[in-house]
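Student:
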Amino acid sequence: MAKPIAVGLLGLGTVGSGVVKIIENHQDQLIHQVGCPVVVKKILVRDLYKERDVKVAPELLTTNAEEVINDPEIDVVIEVMGGVEQTKHYLLQALQQGKHVVTANKDLMALYGSELLAVATENGCDLFYEASVAGGIPILRSLVDGLASDRITKMMGIVNGTTNFILTKMCKYGSPYEEVLAEAQALGYAEADPTADVEGLDAARKMAILARLGFSMNIDLEDVQVKGITGITEEDLDYSKRLGYTMKLIGIAHRDGDKVEVSVQPTLLPDSHPLASVSDEYNAVYVYGEAVGETMFYGPGAGSLPTATAVVSDLVAVMKNMRLGVNGRSAVAPQYEKQLKAPAEIFSKYFLRIHVKDEVGAFAKITAIFSERGVSFEKILQLPLKEKGVAEIVIVTHKASQQAYEEILQQLRDLAIVKDVKSSYRVEGNGN
Numbered sequence: 001m002a003k004p005i006a007v008g009l010l011g012l013g014t015v016g017s018g019v020v021k022i023i024e025n026h027q028d029q030l031i032h033q034v035g036c037p038v039v040v041k042k043i044l045v046r047d048l049y050k051e052r053d054v055k056v057a058p059e060l061l062t063t064n065a066e067e068v069i070n071d072p073e074i075d076v077v078i079e080v081m082g083g084v085e086q087t088k089h090y091l092l093q094a095l096q097q098g099k100h101v102v103t104a105n106k107d108l109m110a111l112y113g114s115e116l117l118a119v120a121t122e123n124g125c126d127l128f129y130e131a132s133v134a135g136g137i138p139i140l141r142s143l144v145d146g147l148a149s150d151r152i153t154k155m156m157g158i159v160n161g162t163t164n165f166i167l168t169k170m171c172k173y174g175s176p177y178e179e180v181l182a183e184a185q186a187l188g189y190a191e192a193d194p195t196a197d198v199e200g201l202d203a204a205r206k207m208a209i210l211a212r213l214g215f216s217m218n219i220d221l222e223d224v225q226v227k228g229i230t231g232i233t234e235e236d237l238d239y240s241k242r243l244g245y246t247m248k249l250i251g252i253a254h255r256d257g258d259k260v261e262v263s264v265q266p267t268l269l270p271d272s273h274p275l276a277s278v279s280d281e282y283n284a285v286y287v288y289g290e291a292v293g294e295t296m297f298y299g300p301g302a303g304s305l306p307t308a309t310a311v312v313s314d315l316v317a318v319m320k321n322m323r324l325g326v327n328g329r330s331a332v333a334p335q336y337e338k339q340l341k342a343p344a345e346i347f348s349k350y351f352l353r354i355h356v357k358d359e360v361g362a363f364a365k366i367t368a369i370f371s372e373r374g375v376s377f378e379k380i381l382q383l384p385l386k387e388k389g390v391a392e393i394v395i396v397t398h399k400a401s402q403q404a405y406e407e408i409l410q411q412l413r414d415l416a417i418v419k420d421v422k423s424s425y426r427v428e429g430n431g432n
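Numbering-wise, the UniProt record's numbering puts 272 at position 272 of the sequence shown, and it's gapless, one number per residue.
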């Protein structure tokens, strides 16, 4: 049997503990896959004496990152500590010393992925990051390997478990946002500071990574249009149900010809859409290819063992490459120049809820604004409100350009009969 492959671990939290458990418990399978054992040689931690849910020999632990990065016997560095700037420095050091890197760090890869991959290639090293998007779902490897011969036109998915849990509870039980957020925090689905999740930033990082890989284009985080879920009301969800829709925080990366759009925002999906039934903390990604058509990847988007499974799968890929002598050749430079769609080139249906003065001719003035820009209605609800002299109008449009729709919204806000534009969301159909 070949000599063991030595691994250094940066971090021993939820995911790090899962990695250690899988390496220990699946040793027979790892040896069968790559022909040699895997040993964890050193683990960077903040606190040597903290109680953990995995037993590790005390001599494996260190608070000094250099003991992992500079150890000549360590072949692969697995990063599951989080953070960005300091972590980037550690991984650059590791790559420059010829160590292969596996990371679960979506923030790091969204911001510095291109730079790190370039350094990995220069030094003949592998840098894999499957666990950075959608936990245990093998979506990145599917894009790079399984769908390598196809041309991806669209990726659309639920890539944040926290917001999906919150929206599921709000939709099913009519629970208010603050109450469900507190429950998500108590269950460990949401951080004490949930901003990155609920404002859509976490999902945006993942969509930037997916778009970069799926479209072979250097998509940056700032290229992603982002809107979170904090403004969603019980009334919005109630009207969604009445009209046959389910509200989800959806990430979309869409390519038309040479131009792309990438966004994350609350979206109404028809109840019959496969993503509408993805509940609680689960993730799912729909991928559309010119040849394959539609495929969907579904599974747990977070958690110790699901995410650790993705990390160890990347480790296996590194080890196989080591045996074949082909490390550092998997990172492919982007094939296409980045070209983002202008607002006039981005088309969608829209849900709109407005409060208007309940007077003769009000609706005619509103429809005139839409018709001026060639935007027609698919569904309309008009309901009186408890407030005297005020009516609520709920509209679902046919497809319109983002530019035309934003101009319509501005005109509506300026219209004297419109008391308030209460909410506005994108609508996705089964076929668009």
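Think of the CB as a built atom: it goes at the ideal place given N, C-alpha and C, for glycine as much as any other residue.
Determine the direct distance from the alpha carbon of Tyr286 to that of Phe297, and round the result to whole angstroms.
Tutor: The alpha-carbon atoms of Phe297 and Tyr286 are separated by roughly 6 angstroms.
Student: Rounded to the nearest angstrom, how far is the Cβ of Val356 from that of Ile393, given a contact under 8 angstroms?
Tutor: That pair is a contact at about 6 angstroms.
Student: Below 8 angstroms between beta carbons: does that hold for Thr230 and Glu199?
Tutor: The answer is yes: Cβ separation under 8 angstroms.
Student: Taking 7 angstroms as the cut-off, is the C-beta of Ala131 nearer than that to any heavy atom in the ligand MG?
Tutor: Annotation note on the ligand MG: not contained in the displayed structure, which lists no ligands.
Student: Just tell me which of Ile369, Phe347, Pro58, Lys42 has its CA closest to the CA of Tyr49.
Tutor: Ranking Ile369, Phe347, Pro58, Lys42 by Cα distance to Tyr49 puts Pro58 first.
Student: Measuring alpha carbon to alpha carbon, tell me which of His100, Val360, Gly83 ends up nearest Val311.
Tutor: Minimum Cα distance to Val311 is reached at His100.
Student: To which residues does DSSP link Ala379 through a beta bridge?
Tutor: One point to set straight first is that residue 379 is Lys, not Ala, in the sequence displayed. Lys379 is bridged to Val396.
Student: At 4 residues or longer, what runs of the alpha helix (DSSP H) sit wholly inside the segment 13-77?
Tutor: Within the segment 13-77, the complete alpha helix (DSSP H) runs of at least 4 residues are 14-25, 27-34, 66-69.
Student: In the DSSP assignment, find the unbroken beta strand (DSSP E) run with Glu294 in it and report its ends.
Tutor: Start and end: 293-300.
Student: How is Pro384 classed by DSSP in three states: helix, strand or coil?
Tutor: It is a strand residue.
Student: With a threshold of 7 angstroms on Cβ separation, who are the neighbours of Glu290 within its own chain once the five nearest residues in sequence on each side are excluded?
Tutor: Asp150, Arg151, Thr153.
Student: Tell me the rounded alpha-carbon separation between Ile5 and Lys248.
Tutor: If you take the alpha carbons of Ile5 and Lys248, they lie about 43 angstroms apart.
Student: Determine the extent of the alpha helix (DSSP H) in which Ala284 is found, giving its start and end residues.
Tutor: Counting along the chain, Ala284 falls outside any alpha helix (DSSP H), though it belongs to the beta strand (DSSP E) covering 282-289.
Student: Who are the near neighbours of Asn432 in its chain, counting only those whose CB is closer than 6 angstroms to its CB and skipping five residues on each side?
Tutor: In this predicted model, Asn432 has a pLDDT of only 48, less than 50, meaning its place in the structure is not dependable; the value taken from the coordinates is given anyway. Nothing listed; no residue qualifies.
Student: Can you tell me the Cα-Cα spacing of Glu52 and Ile232, whole angstroms?
Tutor: First, the residue type needs correcting, since residue 52 is Arg and not Glu in the sequence shown. Each residue's alpha carbon lies about 38 angstroms from the other.
Student: Cutting at 6 angstroms between CB atoms, please list the residues of its own chain near Leu30, excluding the five before and the five after it.
Tutor: Here the set comprises Val38.
Student: Quick one: Cα of Thr63 to Cα of Asn283, how far?
Tutor: Rounded to whole angstroms, Thr63 to Asn283 spans 34 angstroms at the Cα level.
Student: Using the three-state DSSP reduction, which class does Lys419 fall into: helix, strand or coil?
Tutor: Strand.
Student: Can you tell which of Arg323, Gly16, Ala276, Gln410 has its C-alpha closest to the C-alpha of Val427?
Tutor: For Val427, the nearest C-alpha among the options comes from Ala276.
Student: Just how far apart, CA to CA, sit Leu95 and Leu187?
Tutor: Approximately 37 angstroms, taken between the alpha carbons.
Student: Measuring CB to CB, does Val278 end up less than 8 angstroms from Ala208?
Tutor: Contact: no.
Student: Any chance you could list the alpha helix (DSSP H) runs of at least 4 consecutive residues sitting entirely within the segment 187-232, in chain order?
Tutor: Complete alpha helix (DSSP H) runs here, min 4: 195-198, 201-215.
Student: Got a sec, what are the start and stop residues for the alpha helix (DSSP H) Ile137 sits in?
Tutor: Segment: none, Ile137 is in no alpha helix (DSSP H) and carries neither H nor E.
Student: What runs of the alpha helix (DSSP H), each 4 residues or longer, lie entirely inside the segment 87-128?
Tutor: For the segment 87-128, whole alpha helix (DSSP H) runs of length 4 or above, ordered along the chain, are 106-122.
Student: DSSP beta-bridge partners for Gly8?
Tutor: For Gly8, which the question treats as bridged, DSSP gives the partners Lys42, Val77.
Student: Where DSSP assigns a beta bridge to Val390, which residues make up the other side?
Tutor: DSSP lists Lys357 as partners of Val390.
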